[in-house]
Amino acid sequence: MATIPDQHGRRIIITGSNSGTGREAARRLAAAGADVTMAVRSVEKGEDARSAILAESPSATIAVRQLDLADLASVRAFADALLTDGTPVDVLVNNAGVMFPPKRILTADGFELQFGTNFLGPFALTNLLMPLLLRGDSPRVATMSSLAASFGSIRFHDLQWAQSWSSARAYAQSKLADLLMGQHLARLATERGLPLMSTIAHPGYTRTNLQQAGRSLGREKPVSGSGIDRPRPWNQAVEQGTEPLLFAAVGRGAQNGVYYGPNGFLGLTGPTTVASVPRAARGTDLAASLWSVAERLTGTSFHTD
C-alpha cells in the first residue's frame, strides 16, 4: 500500500465512511494523524466503524456526524453545524453512494435515488462547505466516480428517470455526473484564482458491500450471493481499491481536475495511475450545463464567502 503523507493538523470529512472505501480511507487517514469526521447516514454504524478504527489507532481523532445525502435538509443541517463551528476544512471526500436499487426509489426531495444520493447531495454539500474549504490549508475536494461513468449519459430531458427507468443506466448517469462535477469545480477554482484543488477517482472493481446494499433496498431481507466478496483476478480488496481515492484526497502528486484509478487490466485492479476520461465526459460545455441544472435543483451555488 502507498504511504499516506502526514496529516496532523488537517481536518478531513469523509462521506459514507462506515463501510467500504470510505471506512478504509477514514482508517488510514486517521492513522496518519488527520482529524477525521465520518459523515454517515447511520450514526450507529458510524460509531461501530469509529470504535474499530480507534482499536487499531488509539490516539486517532475521529468524530461521527449524521448525514443523509438523499435528503437536502440533512445536507444543509450538516453543513450549517460545521459553518457555525467555523473550523476550516482541509479536505472533503465525496465518497458515499448507492448502487443498483431493485426499483425506482425517490429521495426525500423527489429525485431518483442514485442521481440524488450520488450526485446532487454531494454537489450541495460541496457548495455549502466551500467557505470552510477555502479557509483550509491547501484545500481539496476528492469525488468518487466509477468505471460505470464510461457507459453513462446525462439525460437532461429526464434526469430523474421518470420514463424507462434502468437501475444500471441511472447509476452510470450519476457517476458520470460526479466526474463532470469534479472537472467543473477544478475549472471554477482555476478561473477564479482560488487555492482549491478538485480531483476525481474511481476504485476499479473493488470488493465492498455497495452492490449488495443497493440491491437490498426496499426488501425485508438483505440480498446475498452477489459474489463480489470472493477474490477473482478481475477484482481487488478494499485496501487496494481505496488507493486512487486516497491519492486524489491527499496525494502529494495529485493535480487539479485529474481523474485517478487502477492501472491494471481495463482499469479494474492495480496501483493508482491517471485514468482516461471517458468519451461521455468530453462534451463541449456538458459539465457547465449540468452544474447549472444542479444549482437549480439543489438551491445551492458556488460561493466563496
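Take 45 as the starting number for the sequence shown in my numbering and just add one per residue. For glycine and all other residues, C-beta sits at the position ideal for the given N, C-alpha and C. Predicted, not measured: the structure shown is a model, and the values here were computed from it.
Do residue j and residue i come within 8 Å of each other at the CB atom, strictly closer than that value?
i, j, result
"V108", "E91", "yes"
"D134", "R236", "no"
"I48", "R72", "yes"
"N62", "A93", "yes"
"A245", "S189", "yes"
Pick out whichever of the options has its Cα sitting closest to the Cα of residue i.
i, options, result
"D329", "L224, V321, V142, D134", "L224"
"L290", "S218, L136, D115, T170", "L136"
"Q207", "H228, A245, G60, R148", "R148"
"H52", "M188, S333, A230, A78", "A78"
"A331", "R231, T344, H347", "R231"
"D202", "V185, E156, S86", "E156"
"L178", "A99, P132, A281, R71", "P132"
Can you grab the Cα-Cα spacing for the pair residue i / residue j, in whole Å?
i, j, result
"A324", "S103", "44 Å"
"P247", "T128", "34 Å"
"T243", "A96", "28 Å"
"D349", "M174", "8 Å"
"A46", "E287", "7 Å"
"W209", "L164", "18 Å"
"R251", "T65", "9 Å"
"G308", "A69", "21 Å"
"S260", "F144", "Because the pLDDT at S260 is just 43, under 50, the model does not fix this residue reliably, and the value given afterwards should be weighed accordingly. So the two alpha carbons sit approximately 9 Å from each other."
"A99", "A114", "31 Å"
"G258", "A216", "The predicted position of G258 is uncertain, since its pLDDT is 44 and thus under 50; no value can be drawn from it."
"R213", "S118", "27 Å"
"N279", "P315", "13 Å"
"F346", "W335", "10 Å"
"T187", "L229", "10 Å"
What does a CB cutoff of less than 7 Å around residue i pick up in its chain, not counting 5 residues either side in sequence?
i, result
"T234", "N300"
"N162", "G141, V142, S218, K219, D222"
"V302", "T243, V318"
So, helix, strand or coil for residue i, using DSSP?
i, result
"V321", "coil"
"L312", "coil"
"D134", "coil"
"S242", "strand"
"D79", "strand"
"A281", "coil"
"A214", "helix"
"L111", "coil"
"A338", "helix"
"R184", "strand"
"T161", "helix"
"Q256", "Its pLDDT being 49, under 50, Q256 is placed unreliably in this model, and the value from its coordinates should be taken loosely. Helix."
"I97", "helix"
"P40", "Any property of residue 40 remains undetermined from this structure, which presents the chain solely from 45 to 349."
Does chain C have any CB closer than 8 Å to the CB of residue i?
i, result
"V185", "Structure shown: chain C not included; a single protein chain is present."
Once the 5 residues before and after residue i are set aside, which same chain residues still bring their CB inside 6 Å of it?
i, result
"A74", "V80, I97, S101, A104, I106"
"A21", "Since the first and last residues shown for the chain are 45 and 349, residue 21 lies out of range."
"G160", "A114, T151"
"A123", "L172, L173"
"P166", "N138"
Please return the same chain residues whose Cβ sits closer than 8 Å to the Cβ of residue i, not counting the five positions on each side in sequence.
i, result
"G154", "Q204"
"K89", "N62, S63"
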